[in-house]
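Enquirer:
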Amino acid sequence: MKECFIQLNDRAVPYEEATIHVGSAAMKYGASVFEGIRGYWDADRHRMHLFSLSEHVDRLLDSMKIMGMEHSWNKKRVIGNIRNIILVNQLQEDCYVRVAASVEADGSLEARGPVLLSVAAFPQQRKPHSDRGIHISVSSWQRISDQMMPPRIKCIANYQNGRLAMLQAKSDGYDNTLLLNQHGKIAEAPTAAFFIVKNGRLITPSVTSGILESITRRHILSWAKEMGLTAEERELDRTECYLADEAFLCGTGAEILPVISVDRYKLGGGSIGPVTALLMNKYFNTAYAKEEGLEPNLEDIVTYPKEEIENAALPI
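The letter at position 305 of the sequence shown is residue 324 when you use the working numbering, and the numbering goes up by one with no holes.
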């Protein structure tokens, strides 16, 4: 097994050395924000496509701002760290990149810095059952709200809300779950946004429904418009989900993950629906740049010539 490296503050270090102190504000109080980014390997052109890299880094910096972190990180520097660790680890397959900004000071609850930037990148394939659909529930746990723990911040502490819901769902025999917001309306899954399809119309909870402002969700809304599909962002009732023709989760980790039942109510024919299949095809064609006119932005591409692969894993 080849050695794996993690990027820490502009430097690649061996996996075992990528640590943060147990007394840090990140460990004690959850003062850490992160982004997950999918990388799609293009073997023909020998390069990695980092899906929506620029948007993810923008959201990371927004999370750092709302969390009151004092730092010197900018977009160009963060992107440089992400690109470097992919080269250092010689990744030549689909991957997942996790970039985090953590307050590493051994300080009080209100500590603002210093901020440690870490980047890990490792191989990752499709989610289980993405080819046939999953069964989900509606959780008894309530989604956090903007006046409590703002969901638009991608903070590690926020994910305990979804973790409790997932523990319950798994215990009850479901693959995933949905959380209701403080108004009793559908918010999202623990790590993904949610759409239903009814009479050919896409419906998804609005960004003020207690959701993370999902980048994948934003792309789907844009693609729907291009394809001539009607899409609504609005409040969504629990029982609307039971009567949906189709449904799916979406996000960096989930990609587009079909849902075939909610609370054991079968959706449509109990298999992946035509609108979901159409959007899945669009997603992967875009991610792998398979269609004409779908070339990724240059900053979203990591390329290295084949003859340089063996020299790539040199930590900086």
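Don't be surprised by glycine CBs; every beta carbon is placed ideally from N, CA and C.
Less than 8 angstroms between the beta carbons of N274 and Y302, yes or no?
Expert: Going by the sequence as given, residue 274 is Glu instead of Asn. Contact flag set, yes.
Enquirer: May I ask which residues mark the beginning and end of the beta strand (DSSP E) holding G55?
Expert: S51 to D61
Enquirer: With DSSP run on the structure shown, which of helix, strand or coil describes S158?
Expert: In the structure shown, S158 sits in a strand (DSSP, three-state: E or B).
Enquirer: Measuring alpha carbon to alpha carbon, tell me which of R30, R182, M83 and D150 ends up nearest A296.
Expert: Among R30, R182, M83 and D150, the Cα nearest to that of A296 is on D150.
Enquirer: Report the partner residues of V321 according to the DSSP bridge assignment.
Expert: DSSP lists M67 as partners of V321.
Enquirer: When burial is assigned at 16 or more other CB atoms within 10 Å of the CB, is A44 buried or exposed?
Expert: With 16 or more other Cβ atoms from the protein chains shown falling within 10 Å of its own Cβ, A44 counts as buried.
Enquirer: With G132 and M168 assumed to form a contact (beta carbons below 8 angstroms), what rounded beta-carbon distance in angstroms separates them?
Expert: Rounded, the Cβ-Cβ distance is 21 angstroms, inconsistent with contact.
Enquirer: From the DSSP output, read off the bridge partner residues of C114.
Expert: G58 and P142
Enquirer: Go ahead and pull the three-state DSSP assignment for Q201.
Expert: The three-state secondary structure of Q201, taken from DSSP, is coil.
Enquirer: From the DSSP output, read off the bridge partner residues of C23.
Expert: DSSP output for C23 lists no bridge partner at all.
Enquirer: Do L276 and F267 come within 8 angstroms of each other at the CB atom, strictly closer than that value?
Expert: With respect to the 8 angstroms criterion, F267 and L276 are classified as neighbours on the basis of their beta carbons.
Enquirer: Just to check, is the beta-carbon of F213 closer than 7 angstroms to a non-hydrogen atom of the ligand SAH?
Expert: The ligand SAH is not part of the structure shown, which contains no ligands of any sort.
Enquirer: Starting from R220, follow the beta strand (DSSP E) in both directions and report where the run begins and ends.
Expert: R220 to T223
Enquirer: Less than 8 angstroms between the beta carbons of I172 and I239, yes or no?
Expert: The answer is no: Cβ separation not under 8 angstroms.
Enquirer: To the nearest angstrom, how far is the alpha carbon of D125 from that of G49?
Expert: 13 angstroms
Enquirer: I need the DSSP call for G270, collapsed to helix, strand or coil.
Expert: strand
Enquirer: For V278, which of helix, strand or coil comes out of DSSP?
Expert: strand
Enquirer: Count the other CB atoms, across all protein chains shown, that sit within 10 Å of the CB of H40; report buried if there are 16 or more and exposed otherwise.
Expert: exposed
Enquirer: When you compare each of R257, E112 and E310 to R66 by their alpha carbons, which one comes out closest?
Expert: Among R257, E112 and E310, the Cα nearest to that of R66 is on E112.
Enquirer: Please say whether M83 and V118 have beta carbons closer to each other than 8 angstroms?
Expert: Their beta carbons are not under 8 angstroms apart, which means V118 does not touch M83 by this criterion.
Enquirer: If we count the other Cβ atoms within 10 Å of its Cβ and call it buried at 16 or more, is R96 buried or exposed?
Expert: exposed
Enquirer: So does the region 177-195 actually touch the region 233-248, counting three or more Cβ pairs closer than 8 angstroms?
Expert: no
Enquirer: Under DSSP, the alpha helix (DSSP H) around P293 begins and ends at which residues?
Expert: P293 to A306
Enquirer: Given that a residue counts as buried once 16 or more other Cβ atoms are within 10 Å of its Cβ, and exposed if not, what is D29?
Expert: exposed
Enquirer: Nearest to L199 by alpha carbon, out of R162, I222 and Y193?
Expert: R162
Enquirer: Quick check on A208: does DSSP put it in helix, strand or coil?
Expert: strand
Enquirer: Is it buried or exposed, Q26, if we count other Cβ atoms within 10 angstroms and call 16 or more buried?
Expert: Buried, because 16 or more other Cβ atoms sit within 10 Å of the Cβ of Q26.
Enquirer: Excluding five sequence neighbours on each side, which residues of the same chain lie with their C-beta closer than 8 angstroms to the C-beta of V321?
Expert: These residues qualify, in order along the chain: G58, R66, M67, L69, R102, I105 and L106.
Enquirer: Take Y34 as the anchor and find which of Q144, E259, P147 and S137 has the nearest alpha-carbon.
Expert: S137
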